[in-house]
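Numbering (this note's numbering), first residue to last: -12 to 676. Report on one structure; see the data block that follows.
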């Protein structure tokens, strides 16, 4: 067995495991950056060799063809999941370079499999034999076979040879562009850090935020302080900064990042959309958005565009009403001033404090990260699914990782989850979940999943205190973790979140509903110094604030969703001609749809819209809206039937979480609720009636 394989937790004697359990994962402490490169090439060679054996097997195909095909890719999947988990959390120049090198090679490798005629013919032959009753396939076998055939066709297996060669070239270049974008976006965010020389400019920030700003400056060898950006347009610190000129500097740095100099991603964007349009046309689709929708639950853009237009129009109208109130609020602080986008969050926080006697500064001491995690996020999962969590000493992919062993209600081992909570300059912005090991009954593997946040790292001995929005995000991402933790499927390729993208956000959004339960808040919201439970008046104010600022929140998300669709639905000649045209094009698109409102810009502008240029949500950002429709429908079902109840959790687990992508997810959904998704609850939740 390869020594490299052992380092990645594969083989009879893996070098990193959890004592007394079946869990294995990559031995991050002993894998060098050079090891990743060698393992990628070794694993690709192994997979192609095994597939060649499958293709040249003279025996008639049986169900073993499917398991042999899955087994061929286990090593490469493990290497990929291990490396890209690390790179997104803690990159460096070597990892960036390897990403740019290996991404087009991986695209070539994928094409070598999906365009392998011999393999496709074997799968077709198995399908024919199964339909003739010559072989017996179980439900998961049938689903995997169907999906393999469909993905081969989507990859172009039935196209003429010349078109296949062009597709290969497009896929290679797109992979390179995606890797370049991902590297540049992290660098661009770091380069946009706002330098502050006078501490008076930080008036309104907490001691913790000021200390983080000091560390940001020290990391750049600056005197003074540095305000680092998160990945969204609006920045959390805009709610606290009292100095209007500081807010303006921070906002302008946010919206202009990665749009000039050596971190300018705009040329990559224009090339990417042109290639995607060409690919869609080669594959017989009107545009790239249709190509993507065909692979999801929606099936075509006509299914979701009317709903998007409806909710987006209503959201912008609500945001305009909110702006009128904020303009009046501004005049009390700045007579004669005109409301600007950098004022919005600060004024909204003032308004929320007045109306509800509540602000983030009051809440944060009650929301230390570990407490929210263990007594909130974990407690909800235990109440719903009967699972428990035990801290382990297993090393993770960064020094900040902490790991938990997850046990089922009967005490059996279920999964391992690793948390990497803190922000760092080498880490991507936002929050996300990944899988390092995929569960599979076929290979007797158990899930190892991650949860990545960007909490400010506290000073030694101090807790990392959370905003309410960050608590919401933690519940959301752990919803993805639960999809991985609770999956029980045969094939690793269908485990956990391996579902259509417009379904994958559904379980995570459902998990957000539990943070609002008063009985759960009383468990996880306790003052980190005194242990005092969050006062009842604060809990009541939180409940009352659920729809506060809903116009703004909905408008920025739906504007971004609309721009994603325009990038991928319009013909190339209607897209920006040059990088410098992108900003005006964005405004024109929103104006034409009746969605333009400069006081509430899109949640992501094109130059830092990582979801659609680097993270796999191209033409798919609508998935959040589509998933929220199902989430709101399901939340209504939970609450009508008693909320945080064990039997309801078990039903949700049995019908949704445990099944991953092992069948038609919309069938799973209908089995759970008894009907198709109903948008009524989404519209009501968003205050858009």
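Don't be surprised by glycine CBs; every beta carbon is placed ideally from N, CA and C.
Neighbourhood of residue i by C-beta distance below 6 Å, restricted to the same chain and skipping five residues each side
i, result
"residue 266", "157"
"residue 150", "269"
"residue 669", "615, 616, 619"
"residue 174", "250"
"residue 421", "72, 437"
"residue -12", "Only weak support exists for where residue -12 lies, its pLDDT of 48 falling under 50; the coordinates are left without a value."
"residue 397", "none"
"residue 42", "105, 106"
"residue 661", "none"
"residue 665", "620"
"residue 372", "636, 640"
"residue 190", "229, 230"
Given residue i as reference, the closest of the options once Cα atoms are compared
i, options, result
"residue 352", "642, 514, 528", "514"
"residue 509", "358, 125, 658", "358"
"residue 584", "310, 519, 122", "310"
"residue 425", "552, -10, -4", "-4"
"residue 154", "112, 623, 264", "264"
"residue 228", "198, 247, 192", "192"
"residue 574", "560, 559, 553", "553"
"residue 388", "377, 632, 409", "409"
"residue 17", "219, 32, -8", "-8"
"residue 555", "59, -10, 279", "279"
"residue 532", "674, 488, 494", "674"
"residue 91", "126, 32, 36, 159", "159"
"residue 652", "494, 369, 428", "494"
"residue 281", "630, 649, 488, 80", "488"
"residue 589", "129, 219, 319", "219"
"residue 528", "490, 518, 349, 380", "349"
"residue 31", "649, 60, 137", "60"
Integer Cβ distance of residue i from residue j, believed to fall under 8 Å
i, j, result
"residue 212", "residue 200", "4 Å"
"residue 19", "residue 86", "Incorrect: roughly 16 Å between the Cβ atoms, too far for contact."
"residue 38", "residue 106", "6 Å"
"residue 498", "residue 466", "3 Å"
"residue 539", "residue 331", "7 Å"
"residue 196", "residue 443", "7 Å"
"residue 512", "residue 521", "4 Å"
"residue 25", "residue -6", "Actually they do not touch by this definition, with Cβ atoms about 10 Å apart."
"residue 439", "residue 455", "Contact doesn't hold; Cβ gap of about 20 Å is too wide."
"residue 225", "residue 333", "6 Å"
"residue 625", "residue 500", "7 Å"
Proximal residues to residue i (C-beta, below 7 Å), its chain only, five neighbours per side dropped
i, result
"residue 188", "230, 233"
"residue 536", "309, 335"
"residue 167", "87, 255"
"residue 240", "179, 181, 216"
"residue 295", "545, 548, 549, 609, 612"
"residue 526", "505, 508"
"residue 177", "412"
Beta-carbon proximity check, residue i vs residue j, cutoff 7 Å
i, j, result
"residue 591", "residue 547", "yes"
"residue 340", "residue 76", "no"
"residue 610", "residue 492", "yes"
"residue 313", "residue 324", "no"
"residue 364", "residue 472", "no"
"residue 89", "residue 597", "no"
"residue 376", "residue 453", "no"
"residue 563", "residue 572", "yes"
"residue 122", "residue 53", "no"
"residue 244", "residue 15", "no"
"residue 469", "residue 644", "yes"
"residue 23", "residue 56", "no"
"residue 360", "residue 458", "no"
"residue 642", "residue 631", "no"
"residue 647", "residue 485", "yes"
"residue 127", "residue 649", "yes"
Cβ shell of residue i (< 8 Å), same chain only, five flanking positions each side left out
i, result
"residue 401", "374, 393, 394, 395, 433, 434, 472, 473"
"residue 321", "231"
_Does the contact criterion of 3 or more C-beta pairs under 8 Å hold for the segment 245 to 256 versus the segment 341 to 349?_
no
*How about the segment 470 to 483 and the segment 598 to 607: do they share at least three Cβ pairs that are nearer than 8 Å?*
no
*Do three or more CB pairs link the segment 563 to 583 to the segment 285 to 305 at distances below 8 Å?*
yes
*Would you be able to state if there are at least three C-beta pairs under 8 Å between the segment 402 to 420 and the segment 55 to 66?*
no
*Is it true that the segment 137 to 149 meets the segment 89 to 106, where meeting means three or more beta-carbon pairs spaced less than 8 Å apart?*
yes
*asked:* Counting beta carbon pairs with one atom in the segment 100 to 120 and one in the segment 43 to 51, are three or more of them shorter than 8 Å?
replied: yes
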